[in-house]
Ligand SMILES: [Zn+2]
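Residue numbers (UniProt numbering): 1 to 500.
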C-alpha cells in the first residue's frame, strides 16, 4: 500500500498583528526559509516527537510505502496568508491525487487562513473531493477548534492528551492504528463529537491538574480499555475570532459499538460543562506577582509572562514585565528571548564586549487590543552573540532542531542578562538559554514568555514558578478581546447561559 503523510501545523491567534507567510513555516527544518518537501521533509521528521514520525514508523513496520509531500510547521502567530495556505493545501492534495491507499495528517486544528477561518476543515474537504473513498487519519493538537467540515471528512482523529504537549508521537500512533485496523477491515470507525460553548482559560486547561485531569483520565481509560477506538478531549484555542471555538470531545467508535461511544461522549461533555467555572483563571496584577517573587527564598524562580507568548501568537516584544522587574530591583535575572531583529543587528554590529545603549522590543503595535509598542531602553555590555541554534533535549518536540536566528545577550548590570533574538521561539526547552553558555541552575530569576509549555523544560529546574499577567494578545482576560465572529452565547462571556 501507498500512504501520503503530511505535516501542516499552525495555531492562529487572530488578534496577533503578525501575518503568517509561507516563510514562517520553517520550524524544525534546520534553518530552511520555509517548508520542506519529499526526502528533506522525511529527514527532518525522522526521530522527532511528532505525529508524522509515528506515521512513518508504522507504515514502515508493516512493509508499506509512503510519500511525504510537505513538512510545514510554524510558531503560532496571526492569520496565515492566502498564498501560503493555497500552496500548502495544493501540495498535499496533489500528492493524494497522484494515487494512494490512505492519508495520514499531522495538523494543528486551530489554523485560520485569510478567507478560510477553518483551514484544516478546508484542507480535508479538498482532499475528500479528489479521493472520496480514501481513509484519512488526523492527529491534532490539544488546542484544536472543531468544525463539522473537519469531522465529516476524516476517518479517524486523535488529539494530544498532554499540555505541555509531550505525547505528540503517541497521538500519531493512536490515530494511525485506528486507520490501519480499518484498512484491514477489522473495525468500521464512526466519528462522534460535540463542541461545547466554553472559552476556557489556557492556564486552566492542562490535563495534569483539575478540572481537566478527571475528564482526560476518563477518556484515556476508555480508549485503553477498548470501549472506543479513540477518545480525545480538546481544550480549544480561545484567542481566535472565528465561529467554531470551544472545548470539544471527539470519539472514534467502532460502528458495532456506537452506543458506547455516544454514552462516553455524553459523559465527558457533561463533566466539562459541570466544571465550567473551574476553567476560569483568576488574574492578579503583574506588580503584585513580581513583588511576591521578590520575597521567595532561593532560585531558580521562573517568572512566566503569559500575556505575550509566541507559543500562542504573541509578538514576544512586549517589555512591560521586564520593566517592572527592573523597577522593583530584582537581581540575578536571565530574561527573554525578546524578539527584535533591529536590536540584534545593532548589538551584533557593536560586537561582544562593547558597551551600548539600545532600545529593545516594543516594535509591534497590537491594534486589536488598542496597545501601542513601547521599547525599553537598556544600557549594558554585549555579553555574547550566538547563531541561536539548538537541538531540543527536553521532553517536548524532543530532537527538533530549532533556531532563534542571530541572538545577542546584553548584560545590563545587577546580574541581569537580556536575550534578544531574530526569530521568536517559546521557551519550552532550556536550550534556548544554555546554548549561549548560561547556567540556569545558578540563576535566581528566569523571566520567560510562555504559558504552559515552559513546564516541559523549566519545571525540573525551578524552585518556584510565578505566573505574571503581562499585557498582550495572549491575555487571559477575555474582556480585552473584541470578539465579533465568535458563536454566541458562550461561557463565560455569557456567564448565566445554559445548554439547550
Ligand atoms: Zn497546543
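Idealized CB from N, CA, C, for every residue including glycine.
Since the model is a prediction, treat every value here as computed from it, not as a measurement.
Residue 93 and residue 396 have their alpha carbons spaced roughly 29 Å apart. Pairwise C-beta distances place the segment 327-345 out of contact with the segment 483-494, as fewer than three of them are shorter than 8 Å. In its chain, beyond the 5 residues on either side, 192 have a beta carbon closer than 7 Å to the beta carbon of residue 262. Bridge partners of residue 254 according to DSSP: 189.
DSSP places residue 12 within a strand segment (E or B) once states are collapsed to three.
Here the segment 272-291 makes no contact with the segment 380-393; the two share fewer than three CB pairs at distances below 8 Å. Beta-bridge analysis with DSSP links residue 335 to 418 and 447.
Every alpha helix (DSSP H) of 4 residues or more that sits fully in the segment 99-141 is shown, in chain order, as 119-130.
Going by beta carbons, residue 417 and residue 300 fall outside the 8 Å limit.
Collapsing the DSSP output to three states places residue 289 in a helix. If you look at residue 38, you'll find it isn't in any beta strand (DSSP E); it sits in the alpha helix (DSSP H) that goes 38-45. Using a Cβ distance threshold of 8 Å, residue 359 and residue 343 count as a contacting pair. Residue range 464-468 is occupied by the beta strand (DSSP E) that includes residue 464. When only Cα atoms are considered, residue 110 and residue 325 end up about 33 Å apart.
C-alpha of residue 201 to C-alpha of residue 1: approximately 43 Å in a straight line.
Put simply, the segment 428-439 does not touch the segment 293-307. Fewer than three CB pairs are less than 8 Å apart. Looking from the CA of residue 189, the closest CA among 65, 428, 152 and 197 belongs to 152. For residue 426, the three-state secondary structure derived from DSSP is coil. Counting only residues of its own chain and dropping the five nearest sequence neighbours on each side, residue 219 has a CB closer than 8 Å to the CB of 161, 231, 232, 233, 249, 264 and 268.
With fewer than 16 neighbouring CB atoms inside 10 Å of its own CB, residue 357 falls in the exposed class. Excluding the 5 residues flanking it on each side, residue 423 has same chain C-beta neighbours closer than 8 Å at 75, 339, 388, 403, 404 and 405, in chain order.
Taking all protein chains shown into account, residue 485 has fewer than 16 neighbouring C-beta atoms within 10 Å of its C-beta and is therefore exposed. Taking the Cα positions, residue 173 is about 6 Å away from residue 55. Residue 79 and residue 364 have their C-alpha atoms some 16 Å from each other. Of all alpha-carbon atoms in 101, 305 and 144, the one lying nearest the alpha-carbon of residue 121 is that of 144.
Here the distance from the Cβ of residue 234 to the nearest heavy atom of ligand 1 is not below 7 Å. The three-state secondary structure of residue 432, taken from DSSP, is helix. Only exposed fits residue 354, as fewer than 16 other CB atoms lie within 10 angstroms of its CB.
With 16 or more other Cβ atoms inside 10 Å of its own Cβ, residue 452 counts as buried. About 5 Å separates the CB atoms of residue 468 and residue 286; that is less than 8 Å, so the two are in contact.
For residue 108 and residue 139, the gap between their C-alpha atoms comes out near 8 Å. Sequence-distant partners of residue 68 (beyond 5 residues in either direction) whose C-beta falls short of 6 Å from its own C-beta, in its chain, are 5, 41 and 42. The closest heavy atom of ligand 1 lies 7 Å or more from the beta carbon of residue 306. Rounded to the nearest whole angstrom, the C-alpha separation of residue 135 and residue 82 is 27 Å. A straight line joining the alpha-carbon of residue 141 with that of residue 18 spans about 21 Å. Listed as beta-bridge partners of residue 401 by DSSP are 391.
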